[in-house]
Amino acid sequence: MDLYLKKHFMRKRKSLSSEWQLRFLNRLFRLLNNGYTLNEALEVIKWDKAMASTAERIIVHLKNGWPFDEALGKEQFDDSLTSYLYFSRANGNLKGSIEKAILLYEQRFKYIKKFQQTVRYPLILLVVFLILIFFIKQAVLPSFAELFFAGGHASSSISVSLFVFDLIIQCFLASVLLVIVTAILWKYIKHQLEIAQQIAIYRKIPFYRQYKQMKTSFYFATHVSSLLKTGVSMKDILHMLSAQNRLPILSHYAKQMIDELSKGMHITHLLTQLDFLDKQLSNIFQKNTDVGELQKDLTMFADFLTEELSRKIKKSITMMQPVFFIILAGFIITIYIMLMWPMFQLIKTI
Numbered sequence: 092m093d094l095y096l097k098k099h100f101m102r103k104r105k106s107l108s109s110e111w112q113l114r115f116l117n118r119l120f121r122l123l124n125n126g127y128t129l130n131e132a133l134e135v136i137k138w139d140k141a142m143a144s145t146a147e148r149i150i151v152h153l154k155n156g157w158p159f160d161e162a163l164g165k166e167q168f169d170d171s172l173t174s175y176l177y178f179s180r181a182n183g184n185l186k187g188s189i190e191k192a193i194l195l196y197e198q199r200f201k202y203i204k205k206f207q208q209t210v211r212y213p214l215i216l217l218v219v220f221l222i223l224i225f226f227i228k229q230a231v232l233p234s235f236a237e238l239f240f241a242g243g244h245a246s247s248s249i250s251v252s253l254f255v256f257d258l259i260i261q262c263f264l265a266s267v268l269l270v271i272v273t274a275i276l277w278k279y280i281k282h283q284l285e286i287a288q289q290i291a292i293y294r295k296i297p298f299y300r301q302y303k304q305m306k307t308s309f310y311f312a313t314h315v316s317s318l319l320k321t322g323v324s325m326k327d328i329l330h331m332l333s334a335q336n337r338l339p340i341l342s343h344y345a346k347q348m349i350d351e352l353s354k355g356m357h358i359t360h361l362l363t364q365l366d367f368l369d370k371q372l373s374n375i376f377q378k379n380t381d382v383g384e385l386q387k388d389l390t391m392f393a394d395f396l397t398e399e400l401s402r403k404i405k406k407s408i409t410m411m412q413p414v415f416f417i418i419l420a421g422f423i424i425t426i427y428i429m430l431m432w433p434m435f436q437l438i439k440t441i
């Protein structure tokens, strides 16, 4: 019974906010930077009552033999953080991995906050517009139909206008409902699909597939370059990438590479066959036979992808509000015209 309750409460534990995770890791990094060992740093973090319980549980996980990244994963830390710390097992640079993870997560957190601020007002307008549309469909349209058809004033053009107007409303409401249902279903069925099936779905989504390619290429270039720097062979790097589960697409690709390389295929050819890895990676591997040069080029390519991804996200967020307002304005104008058109037709018959 006690075991059941323990599991139940572990499942019910709330996930940590992004801001809280950043505070925790920033504090841990500062302590490690000041010469504390990992266990000593966690003991110091326990002085903060808000973080004491999490720090204590992480200490328990470490004492039970779990690696640091797995201990954080058990405490609901984000996968993008724990994936970086996973590779610190090989390079031995926990402090550097934490610093890099913090920098990238801070950037992601900043864009999420900006996105939330950008969509807040459009979402309020969308809700108001949906209520208005529902009211028009349930109250206004039936009244219009009764007015025109019962009075014998309805013409074919009025009938067509009312039909088209009703069709537009139904299509709009169905589209909104479809997006909501699809998002909810995807959240629950995503983890039940094989990674190959997920990749096939991502490949069919415009814009998102480009984002996914840049993100996967960035992780590949970053982790391969950091591990090459420590002297790990390419074969061992691929085995490490395939063993981790925080970046499933990268793990899937690493397994494919291991299988194909064992058959004698060259890595430069393999990289061109993987949809979510940038083709420039193949050129980098083909260009460099020296490990040091390869590591340097991969690091620079990862920096380039960071800048490019940042630029595209900023541009997308900036364009989001104008595009939404243009679409919403188009719907409002269309509805206004479709409502007024039968009235103009009625006036002509008087």
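Here our numbering = 1-based position in the sequence shown + 91. For every residue, glycine included, the Cβ atom is placed at its ideal position computed from N, Cα and C.
If you draw a straight line from the Cα of F298 to the Cα of S109, it is about 25 Å long.
For K137, the CB contacts under 7 Å within the same chain, skipping 5 residues up- and downstream, are A143, A146, E147 in chain order. Look at H360 here: in three-state DSSP terms it is helix.
P158 is positioned such that its CB atom lies closer than 7 Å to that of R180. Contact check between the segment 300 to 314 and the segment 261 to 275: fewer than three CB pairs, one atom from each, fall below 8 Å, which does not count as touching.
Under the three-state reduction of DSSP output, D139 falls in the coil class, being neither helix nor strand.
Taking 7 Å as the cut-off, the beta carbon of Q386 is found no closer than this to the beta carbon of S324.
Excluding the 5 residues flanking it on each side, L319 has same chain C-beta neighbours closer than 8 Å at M325, I328, V382, L385, Q386, L389, in chain order. In summary, Q112 is buried, with 16 or more beta-carbon neighbours lying within 10 Å of its beta-carbon over all protein chains present.
Counted as a single uninterrupted DSSP element, the stretch harbouring F168 is not any alpha helix (DSSP H), since DSSP gives it neither H nor E. CA-CA distance, Q289 to K281, rounds to 7 Å.
Y293 places its beta carbon 7 Å or farther from that of K278.
Inclusion of M348 and L361 in the CB contact set at 7 Å is warranted, their separation being smaller than that value.
For the pair Y177 and L268, the Cα-to-Cα distance works out to about 40 Å. In the structure shown, the three-state DSSP call for D327 is helix. Cβ atoms of F115 and K186 stay farther apart than 8 Å, at about 15 Å. Contact check for S342 and Q198: beta-carbon distance about 24 Å, past the 8 Å limit, so the pair fails to qualify.
In the structure shown, the three-state DSSP call for Q261 is helix. With fewer than 16 other CB atoms across the displayed protein chains lying within 10 angstroms of its CB, F226 is exposed. Here W157 carries a coil assignment [DSSP, helix/strand/coil]. For the options F376, V219, N184, the alpha carbon positioned closest to that of L419 is the one of V219.
In this structure, S188 sits away from Y196, with a CB-CB distance that is not shorter than 7 Å.
For F311, the enclosing alpha helix (DSSP H) stretches over residues 299 to 320.
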